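Asks:
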Amino acid sequence: MLFETEFNYHDEECAPQCWVLFKGDKILTLENKGQVVLSDVELDKLKLKPVRQQYLGRLNDRSYYVGELAADKAAPEGVLFYDLRRLLGQVPDDLFSLAGKAYHLLHWDRTHQYCGGCGVPTENKIDEVAKICPACGLIKYPRISPAIIVAIIKDNQILLAQGRQFRGYFYIAYITIS
Ligand SMILES: [Zn+2]
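Take the sequence shown: its position 151, counted from the start at 1, is 151 in UniProt numbering, and no numbers get skipped.
1. Taking 7 Å as the limit between beta carbons, can you name the residues of its chain near Tyr82, skipping five residues before and five after?
2. Could you check if Ala135 is buried or exposed, using at least 16 other CB atoms within 10 Å of its CB as the buried criterion?
3. What's the gap between the Cα of Ile139 and the Cα of Thr122?
4. Just to check, is the beta-carbon of Ala130 closer than 6 Å to a non-hydrogen atom of ligand 1?
5. Give the secondary structure of Arg164 by DSSP, where H, G and I count as helix, E and B as strand, and everything else as coil.
6. Return the first residue and the last residue of the beta strand (DSSP E) that Leu80 is part of.
7. If you reduce the DSSP assignment to three classes, tell me which class Ser97 lands in.
8. Should the stretch 68 to 81 be regarded as contacting the stretch 38 to 54, the criterion being three or more beta carbon pairs within less than 8 Å?
9. Starting from Tyr114, follow its DSSP beta bridges and name the residues at the other end.
10. What's the C-alpha gap between Arg58 and Arg143?
11. For Gln165, I'd like the list of residues in its chain whose CB is within less than 6 Å of its CB, leaving aside the five on either flank, ordered along the chain.
12. Taking DSSP as the reference, what is the three-state secondary structure of Ala151?
13. Here's the rule I'm using: 16 or more other beta-carbon atoms within 10 Å means buried, otherwise exposed. How should Lys131 be labelled?
14. Would you say Leu87 faces chain D, with C-beta separation under 7 Å as the test?
15. By DSSP, does Cys18 sit in helix, in strand, or in coil?
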């Protein structure tokens, strides 16, 4: 089932909650399972309390949230903070997509805590994924970076790319237009 983005909290439908957690640019994973999604129970057990959170949406009838841990939060035993890109190919595609969305929303949330027009603390809009300034009404949305994906094929062969930090080959070349 594909991940469904939502912007509203539905309290009566939220349980059980699932969490994707970040500390800075690193995603939290459980060392022994390579697991990036944690339940409320696991959060309590590991004494992890996000300092900021955003609702992401639903996947397989579960509600997902992204949370940011304090920068000085030490990793509990059995927990690693991992570079998100290194998870590519290590977790199912739907979870990698969800983790990417989580990182994007969290970064936007972190950098839009105050109005760019008048400096007043912003609030989450309740009817869309956006921040609104209660003083001047300025609305800010998560940035969208348009991109295209291409496969370069010649004589029944495909161009592959390999990065220094990645052992395998990518079969997709991509260009981001900003
Ligand atoms: Zn303002």
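Ideal Cβ positions, reconstructed from N, Cα and C, are used throughout, including at glycine. These numbers were taken from a predicted model, which means no experiment stands behind them.
Replies: With the structure as the only source:
1. Working through the sequence shown from its first residue, we reach residue 82 at position 82. So the list reads Lys26, Ile27, Thr29, once near-sequence residues are dropped.
2. To locate residue 135, count along the sequence shown from 1; it is residue 135. With fewer than 16 other Cβ atoms within 10 Å, it is exposed.
3. Residue 139 sits at position 139 when you count from the first residue of the sequence shown. Residue 122 sits at position 122 when you count from the first residue of the sequence shown. Each residue's Cα considered, the two are about 9 Å apart.
4. Here residue 130 is taken as the residue at index 130 of the sequence shown, counted from 1. No - ligand 1 has no heavy atom lying nearer than 6 Å to the Cβ of Ala130.
5. Taking the first residue of the sequence shown as 1, we reach residue 164 at position 164. The answer is coil: DSSP assigns Arg164 none of H, G, I, E or B.
6. Taking the sequence shown and counting its residues from 1, one reaches residue 80 at position 80. That run of the beta strand (DSSP E) goes 79 to 83.
7. Taking the first residue of the sequence shown as 1, we reach residue 97 at position 97. Of the three classes helix, strand and coil, the one that applies to Ser97 here is helix, per DSSP.
8. By the Cβ test, the stretch 68 to 81 is in contact with the stretch 38 to 54, since at least three Cβ pairs between them sit closer than 8 Å.
9. Residue mapping note: residue 114 aligns to position 114 of the sequence shown, counting from 1. Answer is Pro121, bridged to Tyr114.
10. Numbered from its first residue, the sequence shown carries residue 58 at position 58. Numbered from its first residue, the sequence shown carries residue 143 at position 143. Going by C-alpha positions, Arg58 is about 21 Å away from Arg143.
11. On the sequence shown, position 165 is the one that residue 165 refers to. If we look at Gln165 and ignore the five residues flanking it on each side, it has no Cβ neighbours.
12. One-based indexing of the sequence shown puts residue 151 at position 151. Shown here, Ala151 sits in coil according to DSSP, grouped into three states, outside any helix or strand.
13. Position 131 of the sequence shown, counted from the first residue, corresponds to residue 131. Lys131 counts as buried, since at least 16 other C-beta atoms from the protein chains shown sit within 10 angstroms of its C-beta.
14. Absence of chain D from the displayed structure is noted, only one protein chain being present.
15. Position 18 of the sequence shown holds residue 18. Correct three-state label for Cys18: strand.
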